[in-house]
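Participant: So that we are looking at the same thing, I have put the structure below in C-alpha cells.
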Amino acid sequence: MAVRASLGCFPSDPTLHASCGMPWGVAVTPFSAADERGSPPAAGDEGHLLPRCQSCFAYFSLLCPLDRWSWTCAVCGGENDMPADAAARYARDGAHDPPETRSAFVDLLLQGEEGEAAAAAAAPTPVYVAAIDLSSSEEFLELVKSALQAALEALSPGSLFGLLTFSSKIGLYDVQGPIPIVKNVFIPPDSDGALPIDLEDIMPLCSFLAPIDSCKDRIIEALETIKPMSSWDVAANAAEGQDHALHHTRGFGVALDVLVNYLASEYGNAFELARIFAFLSGPPNYGAGQLDTSEEQNADTAGDADHIFLQEQTSFYKNLAASAVQAGVCVDLFAITNEYTDLTSLKALSVESGGSLFLYSSTDESTLPQDMYKMLSRPYAFGCVMRLRTSSQFKIADSYGHFFPDPQYMYVQHINCCDSFATYSYDFEFEKDSQFSRKSRPPILQIAFKYTVLVHNGDTSSAPNSGSRPKYSLERRLRVRTIQYNTTANIWDLYDFVDPDAVLTILVHQVILSSLSDVLETRLWLEDWLVAVIAQYNKAYKNVTSGGGTGMYDIDVNFSHCSQLQPLSRFVFAVLLSPLLQVNSERINPDYVTYLQCLFSALEPASLRQAILPTLISYSSPDVQAEVHQSLGRTVFTSESSIFLLDAYKDLLVYYSPTASSEIPFPPPRDCLLRSTIDRLKQERNITPKLRFIHGARDDTTEFETYLIEDQTLDGSRLSGSTGFSSFLDEVASKVAEHGI
C-alpha cells in the first residue's frame, strides 16, 4: 500500500494552507506489494482479533498507546478496554509479537468471518467470459482471436471460460463436447434488455463455462469458426427479405445485460468474481442501450466549441455497472475502432464495475494481445472495501478513482477488482474552527483495505484425497496502514516537503472532473491556480529576503529557490496542452479524451507524471547514455548527442537526429543499453507502450515533435499571442504582477 501525500508536512491551520496554494491530500495505491519506500507490510493470520476503537471504529496499530488492560485510539484519542485475549497476545515477547505491534503497516488474514464463510459457500474458481462484436471486420476478429489466445496462456489452470458473440443476435458456445456448438437467440428490436427466452434455457451455465485445462484446444477451435456477421448474414437476410441494415447492428447493451444476469444466477456458488472481456468495433446501435452517434446528436450535445461533447446519453450502462457489482462481475471494455463510439456513455460499465477501458484506433498497430496478457498475468484482489479515517482536526473533502461509493457510509468505497497499479486520490480540508497546535495530537491518517484473493493450491493430482481438494482457495485479508504526519506553521517547510507528482495527481483529477462541465472554464481555473501559487511563493520569498519591503523585485516564475516546486509550471503547461483540455472539438476525438480520462484517473503519481510530461533522454551511442533533459523543446538538439529516447508512458519514441553518423546502427541493436532500457520500461507498465523508431533524415518527424511541448502554442487560452513555454511564463509573470508582487 503506497501512500503519497501532496504535502509531506501538514499545514498548521487553514490560513497557512490557503496561503501556500497547494492541494492537500494523498494518492493511495492499496494493493501495491510495498509502501512508497519499498517496504512490505508485516503479515499475520489473526486479523479477526485486531481490536477496533469503540468510538470511531479505527483499528489498533503500532501508534496506539497501550497499557496492560486498555489502549488509546491513535485516530480519535478515545480510550478502549483491552480484552483479556488481546492483552495476552500483546504480552508476547520477541519474534512472537503480533504484526500490529511491530509495524504500522500490516496485512492480516481474516479467519472465521467472511473468509471461511465465503470459501465454504463458493467454489473458488476464476471465471472469464469473452463477449465479441460480430458487426465488425475480418481484421477486428483476427486481432480479438490473437488477444484471446494470449489470454488463455495467461489464465491460471482450473479457470472457467465462456464465449459469447453479439450482433442482432446473441450466440452462446458450448466447447465441452467433441466439436464446438453455438446456439443463437435473436434480440428483439424493441428489447428493453430482456430476451424472449432466458440464456439458462438456451444453454445451462455449466455447459457455457468450460474448464480451460481440458477445453483450451476446443476454445481455440471455436474462436477460429467466428466470422463477421456481414460475411454470413447478408445473403441470408436478403433471401428472407430482412432489413439489409441488420448485418450492421450491434446489440451490445442487451448482450451485456443478459450476460450479467446469466452469471449472477451462480454468484457465490460457481464463482466469487467473473470477468467479462467485451470487444467492441463501433457504437451500440440496436436494442436497449443503443447510442446515437450521428452528427446531429453530436452537434446538440457539443454546444459551443468550448465544450467537448462528453455528457452521457443514457444511464443504462451506469445502472448495468451497479447490477454487475451486485453480481460479482467486472467488465473490461476493449474498443477497437476509429469510429466515434461515445465511450463517455459506456465508461461507467467498466470503471464502476472495477474493470478497465482500452481504446485502439486501428488493428494494424494495436497492442491488444500484449495488454490482455499483461492484465491477466499480474495479481489482483476482488470484493474490496476501502475506508480512510482521519484524526479530528481534518477530514476528507473529496475522493477520486474507479470505485463504487457505498450507498450508506460516506467515503467507504467498494472496488470490485483491484490490481497493484490502481490508485485512488483524496483531498483534505480542515474541520470548522480546527487547526494543529503544539498541544494537540499530531495528524493521523489510517487506511483500511479489506480484500479477497484467489490462492492457487498447486498441483493436487498426486496428493491424498486430491479429488476433494480444490485447486484454488479464497483468502479474505485486511491491510491497515496508520501514518502520523508532522505539522508546520512555516510556509517554507510546506514548500520543502511538497511532492510534485502527488500535487499533479490531485490536480489532474480536479481537471477531469471540472472539464466534464466546462473545458474553457477549467483551463482558466488551472492558469489562475498557477498564477496564485507563484504569487504566494514570491510573496513568501520577498518576506524572507527583504522583510516585506516594497522595493523593486523580479518575479520568479521558475521557483528558483525551491526545487520541489520547480516542476509545477511545466506540469500546468503540459496539462493545458493535453487532449484533456482542448477547447476546439474538431481537433480531437472525444472517445480518445474519455480513454485518457479513464487511464489518467487510475495511474499512480509517477506514471501519471510520465504520461503528462514525457521524459527525454539523450544517448551519444546506443550503449552510452548522455543526460536526462529537463526541457522538452528543440533546444535539446543543440547537444552533442544524436539519439533520443522519449518516454510518454503509452508511447516510446526513439529519434535519431538528421546529423547522426551513418556508422550508428538504426534501429538500435537488440543487445545495447538503449534496447535494455526500452525493454525494462515496457515490462514495468500496466499497458504496452507503442514503440516507434524515427530517423530525422528520412522519416516523418511530426509525431516526435508533437511531444516537444515547449515549442507549442496554447490554442484557445486567454494568454493571447503565446508562442510556447517561455511566452507562457511571461504571461504568467504579468498576471502575478497584477497581484501587487
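Heads up: the sequence shown begins at 3 in this note's numbering, then just goes up one per residue.
We put the CB at the ideal spot given by N, CA and C, even for glycine.
Treat the numbers as computed from the prediction; the structure is a model and nothing was measured.
Rounded to whole angstroms, what's the CA-CA distance from N442 to A324? Just pull it up for me.
Facilitator: At residue 442 the sequence reads Ser, which differs from the Asn that was named. Approximately 43 Å, taken between the alpha carbons.
Participant: Would you check if the distance between the CB atom of P182 and the CB atom of G289 is smaller than 9 Å?
Facilitator: no
Participant: Classify P13 as helix, strand or coil using the three-state DSSP reduction.
Facilitator: strand
Participant: What would DSSP say about V327, mapped onto helix, strand or coil?
Facilitator: It is helical.
Participant: Counting Cβ pairs closer than 8 Å, one from the stretch 484-493 and one from the stretch 3-20, do we hit at least three?
Facilitator: Cβ pair count under 8 Å is three or more, so yes.
Participant: Spatial neighbours of F318 within its chain, please: C-beta separation below 7 Å, excluding the five flanking residues on both sides.
Facilitator: G255, A290, G291
Participant: Pick helix, strand or coil for E118, following the three-state DSSP scheme.
Facilitator: Low local confidence applies: a pLDDT of 46 at E118 is under 50, so the model's placement there is unreliable, with the coordinate-based value given in what follows. In the structure shown, E118 sits in a helix (DSSP, three-state: H, G or I).
Participant: Let me check one thing: in DSSP terms, what residues is R478 bridge-paired to?
Facilitator: DSSP, once it has assigned bridges, lists T454 as partnering R478.
Participant: Going along the chain, which residues of its own chain have a beta-carbon closer than 7 Å to the beta-carbon of A329, five neighbours each way excluded?
Facilitator: V262, L265, A266, Y269
Participant: Compare the beta carbon distance of L284 and S137 with 9 Å and say whether it is the shorter of the two.
Facilitator: With the sequence shown as reference, residue 284 is identified as Gly, and Leu is not the correct amino acid for it. Against a cut-off of 9 Å, the Cβ pair of S137 and G284 comes out as a contact.
Participant: What number of angstroms, rounded off, separates the C-alpha of S571 from the C-alpha of D556?
Facilitator: Looking at the backbone, the Cα of S571 and that of D556 are separated by about 17 Å.
Participant: Work out the CA separation of Y413 and P669 for me, nearest whole Å.
Facilitator: 51 Å
Participant: My output table needs one value for G469: the three-state DSSP class, helix, strand or coil.
Facilitator: Since pLDDT at G469 reaches only 47, below the 50 mark, its modelled position is unreliable, and the value read off the structure follows with that caveat. G469 falls in the helix class under three-state DSSP.
Participant: Roughly how many whole angstroms lie between the Cα atoms of S729 and S664?
Facilitator: 37 Å
Participant: Between the Cα of R440 and those of D15, L64, A7, spot the shortest distance and give me the residue it belongs to.
Facilitator: D15
Participant: Answer yes or no: do F107 and V482 have a C-beta to C-beta separation smaller than 9 Å?
Facilitator: yes
Participant: Are the Cβ atoms of T251 and N287 separated by less than 9 Å?
Facilitator: yes
Participant: Mapping DSSP to helix, strand and coil, what is T596?
Facilitator: helix
Participant: Mind checking W71: buried by the 16 CB within 10 Å criterion, or exposed?
Facilitator: exposed
Participant: So is F33 buried or exposed if we call it buried at 16+ other beta carbons inside 10 Å?
Facilitator: By the neighbour-count rule (16 or more Cβ atoms within 10 Å), F33 is buried.
Participant: Measure the alpha-carbon distance for L258 versus T365 and round it to whole angstroms.
Facilitator: About 23 Å.
Participant: Would a C-beta distance cut-off of 9 Å place F499 and Q566 closer than the cut-off?
Facilitator: yes
Participant: Could you check what DSSP says for Q566 in three-state terms: helix, strand or coil?
Facilitator: coil
Participant: Whole angstroms are fine: how far does the CA of L515 sit from the CA of V521?
Facilitator: 10 Å
Participant: So, for M84: in the same chain, excluding its five sequence neighbours on each side, which residues have a beta-carbon less than 8 Å away from its beta-carbon?
Facilitator: Cβ neighbours of M84 beyond the five flanking positions: P53, L68, D69, R70, W71, S72, W73, Y92.
Participant: Please state the DSSP three-state secondary structure of I449.
Facilitator: strand
Participant: If you drop the 5 nearest sequence neighbours on each side, which residues of the same chain put their C-beta closer than 7 Å to that of Q714?
Facilitator: L579, G726
Participant: Taking just the CA atoms, how far does D99 sit from F360?
Facilitator: 46 Å
Participant: Alpha carbon to alpha carbon, what distance is there between V574 and L532?
Facilitator: 7 Å
Participant: Taking N591 as part of the alpha helix (DSSP H), name the residues at either end of that continuous run.
Facilitator: That residue, N591, is in no alpha helix (DSSP H); it is neither H nor E in DSSP.
Participant: Measuring CB atoms only, is the stretch 157-165 touching the stretch 210-221, in the sense that at least three cross pairs come out at less than 8 Å?
Facilitator: yes
Participant: Name the two residues that bound the continuous alpha helix (DSSP H) containing E141.
Facilitator: 140-156
Participant: Quick check on the DSSP output: what are the complete alpha helix (DSSP H) runs of length 4 or more inside the stretch 631-718, in order along the chain?
Facilitator: 675-686, 704-708
Participant: Are F423 and E606 touching if we call contact CB-CB under 9 Å?
Facilitator: Taking the C-beta atoms as reference points, E606 is found nearer than 9 Å to F423.
Participant: Check E48 in the structure and name its three-state DSSP category.
Facilitator: coil
Participant: Do F281 and I338 count as a contact pair if the criterion is CB distance below 9 Å?
Facilitator: yes
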